[in-house]
């Protein structure tokens, strides 16, 4: 700090000497003039107060500190530095004098599980937003067995309330009502069908008033869950209380009595050592019980086919601590099989209250806590163990099932180097918990989409996911230790227009034109409502470089370089400027021409900053719905050079489609002219015999049902797109083709079922076998319906000689043995890579460099030589 003071003084032309204080924290300000460079020191605080002359201890500026005293230094003009702790340490054992030592405690802050932690005034370490819970039950005067019980979880982020409700009952939900301490209504939120997912309800209350926020923090708000067919009757009610670190608890149970007159909430957490299982119980009626009440907690294994229900652990009243309106207990050294049962949902918890004359039992099943929060990770190069500047971006999300399984989805964009593996790591960044994927190739746009199911995670691994102690590391052939990296954290529910469950649009530096090497990354969600207003939410990581750096997000009507120019005036739609890591809002009254391009995928989102004004992150915007396109059938249609109109649709130059009237005809738009030709079917390499479907022209590969179907839990209707069967609790992805399985006969291979993409209905029909051109077709198994060519006759024969297959790359066809320089739509042409067609497979490799030269760091689109002189190192 003193060196910076000297440099400031020298730049001002002041006297060369300066005052050096022992603690190096007290800054003095010079008063200079051009004619008389006289130096006057004015300390912060009282100018005439003398330094304390007490013997011993330490002197910190004008303050005297005793031995072993610690404090946060007050440094002008910055104020109190709460991330610094200074201590007066004794110089020697026989001396009363001390010396001041200061250390930074920021790196000792605990890991937070929330995505956007806050720093309270007077604190150094960030903390998660305020959390509240409420136990919902019917009033004693109107108890009904059909009303059920519930739990509500609230997260207050600035002036927005994220609401997650768990309801266990048979009635349908109608409304959520908030009231203050006087019973006056604060807010009423209707519950639409799309907000209900089984027993879970997700809602969002935006723009809370300061008075409402203060009432929440003081515990003066109650909530009522109103049920249908009960217009005047009171539904489920409960007081809202503050609950610290509720989101970090990974397991919970909603307990209720047999008559549903009372309920309780149990939450479970595992210590970092894994040897202590902590149990918390929240019971509203605890304040009405006297100190003589005995509490007993039982953990019971569910009955199986071989054995009935049995007690796993009994915690007596002497081991249960009573704190305010809650109970606490701990299970020391729980066995591994008990933790495994808990992670699979096989354990129940029972709380027994014995008041002497009355005995009450409350029971509930222990399962993974399921709220509306989403555990996701932002992957960027700047967060890697060794920060990289490759321009790549990534995103990962994790969803939990009641049986302990975890479904994950990983999206990567802007990848230039082949991915060797994707790992899930623990906090120390070295312990690999699970390999999510091995080598995986990206498409021509540098994008990768990976989904998988984690079958048997341990209880401690699930706890790490909830507590923010898990990281995802993507390794490539260039960065073995990790090219992009990210921590898994919890993002609160933000409404159905901006749901983290939906895959985002990934922003990367490699999609900027011309591309830029950066360690930043971004994710964006876009959606259109019924009034065609655009809702957007952006998350940026890696752009905070330790100083103020204002960012600007905008929508570009077309790309700035190398694409069709604008045909209308307004080609940039400004969203807003921001300084943090997130930006949310909505854009209304969008120009019809701009809205038309937005729906057709011709709009790009770009984020630029003061340091990189030409744009640092960019991506094409994709919207899942086209309901707004019907509002502008003619006026919103944009006439572009080279475009074609076919029926009610418009196609850009070079775009291909299949005629709806003739499935075997493929059409292409070429310079405003439509050219149609018979559809060429690609040669298939199926594990099963190819089959023909009535709605398609080319044969398809059927998949075994167990490989395409996804199962979901009872009463948990999925939000996935596809065809679902309520009776069997199955979901078939759109476009999947499979053989139906019928007990006890097995797979019916002469019939095939398809999940239609448009209607999401299951269509089953008798298969039609395709025509085969080989001489000796065979059946691989007796149960097959169609024959297929053997492997040695898979290539077509002509004149007794085998004809080698050609290749298709980037929309162009190449013959066997042909070589070419690849062209990537985003990155441009590559002069350093050569591709070769080898019997239907494309092999690309980097061109070798002559002796004495090394490869350039620019792999694609290099404007300089592919090889450069090797450095001495």
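In the UniProt record's numbering, the protein residues as written are 1 to 873.
Glycine included, every Cβ here is placed at the ideal spot set by N, Cα and C.
Three-state secondary structure (DSSP) of residue i
| i | result |
| --- | --- |
| residue 813 | strand |
| residue 376 | strand |
| residue 263 | strand |
| residue 493 | coil |
| residue 212 | helix |
| residue 941 | The chain is shown from 1 up to 873; residue 941 falls before or after that span and cannot be answered. |
| residue 131 | strand |
| residue 218 | coil |
| residue 191 | coil |
| residue 708 | helix |
| residue 870 | coil |
| residue 319 | helix |
| residue 836 | strand |
| residue 26 | For residue 26, the predicted structure reports a pLDDT of 37, less than 50, and the residue's modelled location is therefore unreliable. A value from the coordinates is still provided. Residue 26: coil per DSSP, three-state reduction. |
| residue 197 | strand |
| residue 274 | coil |
| residue 654 | coil |
| residue 416 | coil |
| residue 289 | coil |
Terminal residues of the beta strand (DSSP E) in which residue i lies
| i | result |
| --- | --- |
| residue 151 | 149-157 |
| residue 238 | 236-239 |
| residue 424 | 419-425 |
| residue 700 | Segment: none, residue 700 is in no beta strand (DSSP E) and carries neither H nor E. |
| residue 476 | 471-476 |
| residue 329 | 326-332 |
| residue 778 | It is not in any beta strand (DSSP E) - residue 778 carries neither H nor E in the DSSP assignment. |
| residue 252 | 251-256 |
| residue 846 | 841-846 |
| residue 678 | 673-678 |
| residue 724 | 723-725 |
| residue 666 | 665-670 |
| residue 692 | Note, residue 692: premise wrong, no beta strand (DSSP E); not H, not E. |
| residue 855 | 853-855 |
| residue 177 | 173-179 |
| residue 243 | No beta strand (DSSP E) holds residue 243; DSSP gives it neither H nor E. |
| residue 730 | 730-732 |
Host alpha helix (DSSP H) of residue i (start-end)
| i | result |
| --- | --- |
| residue 344 | 336-344 |
| residue 161 | Element bounds for residue 161: not the alpha helix (DSSP H) but the beta strand (DSSP E), 160-168. |
| residue 467 | 459-467 |
Nearest candidate by alpha-carbon position, reference residue i, set the options
| i | options | result |
| --- | --- | --- |
| residue 749 | 732, 758 and 779 | 779 |
| residue 75 | 413, 581, 756 and 86 | 86 |
| residue 214 | 195, 224, 202 and 186 | 186 |
| residue 324 | 287, 315 and 300 | 287 |
| residue 272 | 463, 303 and 440 | 463 |
| residue 767 | 390, 761, 786 and 776 | 786 |
| residue 732 | 762, 413, 870 and 138 | 762 |
| residue 775 | 788, 578 and 601 | 788 |
| residue 522 | 511, 611 and 808 | 511 |
| residue 574 | 712, 599 and 534 | 534 |
| residue 301 | 345, 539 and 848 | 345 |
| residue 68 | 93, 488 and 452 | 93 |
| residue 284 | 139, 81 and 402 | 139 |
| residue 162 | 531, 330 and 207 | 207 |
According to DSSP, residues forming a beta bridge with residue i
| i | result |
| --- | --- |
| residue 482 | Its beta-bridge partners do not exist; DSSP assigns none. |
| residue 295 | 353 |
| residue 454 | 406 |
| residue 396 | 377 and 410 |
| residue 881 | With the chain running from 1 to 873 in the structure shown, residue 881 is simply not present. |
| residue 280 | 267 and 328 |
| residue 877 | Nothing about residue 877 can be reported from this structure: the residues present for the chain run from 1 to 873 only. |
| residue 751 | 766 |
| residue 757 | Looking at the DSSP assignment, residue 757 forms no beta bridge with any residue, so it has no partner. |
| residue 435 | 423 |
| residue 206 | DSSP output for residue 206 lists no bridge partner at all. |
| residue 746 | 742 |
Quick one: complete beta strand (DSSP E) runs, 3+ long, within the UniProt domain "CHRD" (499-626)? 505-507, 521-528, 534-541, 551-556, 572-578, 582-587, 604-609 and 617-620
Please list the segments of the beta strand (DSSP E) lying wholly inside the UniProt domain "VWFC" (56-129), counting only runs of 3 or more residues, in order along the chain. 58-60, 63-65, 84-90 and 98-104
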